[in-house]
Amino acid sequence: LFSAADGYLGITIIFGAFAFFWFVGIHGPSIVEPAIAAITYANAEVNLNLLQQGMHADKILTSGTQMFIVTMGGTGATLVVPFMFMWLTKSKRNRAIGRASVVPTFFGVNEPILFGAPLVLNPIFFIPFIFAPIANVWIFKFFIETLGMNSFTANLPWTTPGPLGIVLGTNFQFLSFVLAALLILVDVAIYYPFLKVYDEQILEEERSGKANDELKEKVAANFNTAKADAILEKAGVEAAQNTITEETNVLVLCAGGGTSGLLANALNKAAAEYKVPVKAAAGGYGAHREMLPEFDLVILAPQVASNFEDMKAETDKLGIKLAKTEGGQYIKLTRDGKGALAFVQEQFEE
């Protein structure tokens, strides 16, 4: 079974599923990773033992492969995408999205570009989003099996930037530097033609003077943002200041804790600025149960919104409010602290 998973067909199916699930709005790693976790950690240990014995560490399927080769910059191998949006597009909107998402994506938190562009549920990006991760792991396998590079022997934090993770995780081999540079070039080449098509589409909308309305309709077609739009259009902070008079603790949950930090930080910054007694914390779904009683409201990020009913059973027992968010809505809230505070207040009015 382990040998089959390490083959070209096995890695194609596994990591293609990662990207496919995310493209249709389901957090792919949360679905696929539990099925391969035993293999990835066992293979990393095997690789380390082989290396210590002076042998070739040739196991492909490891946690390092997943985090720094396949999902370099997040699912879809999107490390290069914000930079491309910034530097290779003409649309003002696309350049702004690139600037806003480049830092979190560099550290593997790519939801701002996934939902801000958007990439997910955007048919223009279906092919590169699925194929770039597969191409990356095929190239990596070629480096291991044909060029004699050693595979990953170390398990590093998933927030390690992809190129750095490749170099550190494979013990600073010369080929690891070559591989990191090559993957960046390949991913740019894969995404570029599709980005040009998308940029021309947005440019045409901007030239026509209908960009704002049409883009709003496009996002609404993929994500139900009507509720978020209503929040952001009203004087939310004034309402929050008048009605949130007691300290309110908010827990934002995502799959790993990175994405949830975006909204938690926006809430804390706005609360401090407008003197609203709201304190927010970020966490990962599944690691929340011990801390849950400390909070008055739990907000689910888009990647874990499918767990709403299970989470509601937990929060209802404790008398805690629960809210879920969708892609476009979540991005808007992370960018507008006023709207985020109003969103919190709205949960207590329902």
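For the sequence shown, the tail end lands on 340 under my numbering, and the numbers increase by one without skipping. No residue lacks a Cβ here, since even glycine has one placed at the ideal position from N, Cα and C. Since the structure is predicted, the reported quantities are computational estimates derived from the model, not experimental observations.
When secondary structure is reduced to three states using DSSP, Thr30 falls in the helix class. A contact between stretches requires three or more CB pairs, one per stretch, nearer than 8 angstroms, and the region 175 to 193 meets this requirement with the region 114 to 132. In the DSSP assignment, Ala262 falls within the alpha helix (DSSP H) that extends over Gly248 to Tyr264. Boundaries of the beta strand (DSSP E) harbouring Ala272: Val268 to Gly274, taken from the DSSP string. Contact check between the region 277 to 288 and the region 248 to 260: fewer than three CB pairs, one atom from each, fall below 8 angstroms, which does not count as touching. CA-to-CA, the gap between Arg197 and Arg83 works out to about 12 angstroms. In this structure, the beta-carbon distance from Val294 to Leu241 does not fall below 8 angstroms. Contact annotation, Leu312 with Lys328: C-beta distance approximately 22 angstroms; criterion of less than 8 angstroms not satisfied.
Straight through space, the alpha carbons of Glu284 and Ala7 are spaced by roughly 36 angstroms. Straight across, the Cα-Cα distance linking Phe164 with Phe142 is about 14 angstroms. DSSP lists no bridge partner for Leu(-1).
Leaving aside the five residues that flank Ile21 on each side, the residues in its chain whose CB is nearer than 8 angstroms to its CB run, in chain order, Ala7 and Phe11. CA-CA distance, Tyr181 to Thr65, rounds to 14 angstroms. DSSP lists Val268 as the bridge partner or partners of Thr238. Here Leu243 is near Leu290, since their CB atoms are less than 8 angstroms apart. Closest by C-alpha distance to Asn100, out of Glu339, Ala330 and Ile321, is Ile321. Under DSSP, Ile289 shares a beta bridge with Val242 and Ala313. In this structure, DSSP gives Glu280 a state outside helix and strand, which the three-state scheme calls coil. Taking the Cβ atoms as the reference, Ser166 lies roughly 13 angstroms from Ile174, outside the contact range of under 8 angstroms. For the 8 angstroms CB-CB criterion, Ile129 and Leu172 form a contact. Judged by their CB atoms, Ala47 and Asn37 are nearer to each other than the 8 angstroms cut-off.
The beta carbons of Ala67 and Asp177 sit closer together than 8 angstroms.
Under the three-state reduction of DSSP, Ile16 is assigned to coil, being neither helix nor strand. It is roughly 10 angstroms from the alpha-carbon of Gly63 to the alpha-carbon of Val93. Residue state for Trp148 is assigned as coil, using DSSP reduced to three classes. In this structure, Gln56 is the residue among Gln56, Leu40 and Met45 with its C-alpha nearest to the C-alpha of Gly18.
Setting aside the 5 residues that flank it on each side, Ala125 is surrounded in the same chain by Val176 and Ile180, each with a C-beta closer than 7 angstroms to its C-beta; the list follows chain order. Sequence-distant Cβ neighbours of Ala144 in its own chain, meaning closer than 6 angstroms and more than five residues away, are Gly159.
A Cβ-Cβ contact shorter than 8 angstroms links Leu51 with Ile1. Going by DSSP, Ala330 is part of the alpha helix (DSSP H) stretching over Gly327 to Glu339. Runs of the alpha helix (DSSP H) spanning 4 or more residues and lying entirely within the region 97 to 146 occur at 101 to 106 and 116 to 135, in chain order.
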